[in-house]
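I have placed the structure first, in the form of structure tokens, so that the comments after it can refer back to it.
Residue numbers (the working numbering): 4 to 191.
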């Protein structure tokens with residue numbers, strides 16, 4: 004397996020730390036007035052989600068992680084696992100709840116997602132940035148009821164709840180930003 008020296012480490016690289024795959028969030032090269040130069044690396048553990056800092060001397064090296072981002076299609080959920088298919092090879096994999104995190108509330112079926120694999124095991128699932136979902140339950144908007152900022156909660160077909168403007172009604176299809184969970188607009 005390849006390894007990176009102190010000068011080779013860049014933001015976004017995938018490395019192995021203590022046997023776990025990690026992604027580098029931030030690097031800072033420090034050359035003190037006295038003593039040896041070093042690099043301070045901030046990384047996020049892809050399995051646990053924890054963010055940690057690591058200090059590397061110029062002679063240190065880290066192992067490259069065999070982490071692959073793969074475009075896949077969400078098929079279905081059986082309650083315990085979420086099943087995905089590679090569009091070219093039709094190979095199927097199953098991700099558990101820890102790999103899904105918040106992605107599960109935006110997926111209804113047949114969406115293109117990015118699955119991060121490590122040794123063939125799904126680490127994370129990234130949904131599309133925007134999804135179009137139907138509102139299954141929301142209160143009717145009452146004219147003049149804008150003292151609370153002019154929004155109301157709406158339950159979507161996947162079970163997610165987002166705040167929508169008062170003019171949006173039940174059974175309408177809306178566009179939602181999955182990164183922030185915010186309403187973007189109605190779908191024509």
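We treat Cβ as the ideally placed atom computed from N, Cα and C, and that holds for glycine.
Residue i and residue j look like a contact to me (Cβ under 8 angstroms); what is the Cβ gap, rounded to whole Å?
| i | j | result |
| --- | --- | --- |
| residue 137 | residue 160 | 5 angstroms |
| residue 165 | residue 140 | The pair is not a contact, with the Cβ atoms about 12 angstroms apart (cut-off 8 angstroms). |
Kindly indicate the opening and closing residues of the beta strand (DSSP E) around residue i.
| i | result |
| --- | --- |
| residue 115 | 115-121 |
| residue 169 | Careful: residue 169 lies outside any beta strand (DSSP E) and carries neither H nor E. |
| residue 133 | 133-141 |
| residue 178 | 176-180 |
| residue 154 | 154-159 |
| residue 6 | 6-8 |
| residue 92 | Neither: residue 92 is in no beta strand (DSSP E) and is coded neither H nor E. |
| residue 60 | 54-60 |
| residue 190 | Careful: residue 190 lies outside any beta strand (DSSP E) and carries neither H nor E. |
| residue 51 | Neither: residue 51 is in no beta strand (DSSP E) and is coded neither H nor E. |
| residue 74 | 70-80 |
| residue 66 | 64-67 |
Provide the residue span of the alpha helix (DSSP H) that contains residue i, from first to last.
| i | result |
| --- | --- |
| residue 103 | 100-103 |
For a quick check, are the C-beta atoms of residue i and residue j less than 8 angstroms apart?
| i | j | result |
| --- | --- | --- |
| residue 114 | residue 125 | no |
| residue 58 | residue 28 | no |
| residue 17 | residue 30 | no |
| residue 135 | residue 190 | yes |
| residue 85 | residue 104 | no |
| residue 75 | residue 118 | yes |
| residue 2 | residue 127 | Here the chain comprises residues numbered 4 to 191, so residue 2 is not present and cannot be evaluated. |
With a CB to CB cut of under 8 angstroms and the five nearest residues on each side skipped, what residues in its chain are close to residue i?
| i | result |
| --- | --- |
| residue 51 | 23 |
| residue 112 | 77, 78, 79 |
Leaving out five residues on either side along the sequence, give the residues of the same chain with a beta carbon under 6 angstroms from the beta carbon of residue i.
| i | result |
| --- | --- |
| residue 173 | 138, 141 |
### Message
So, does the stretch 25-41 touch the stretch 93-111, judging by three or more C-beta pairs under 8 angstroms?
### Response
no
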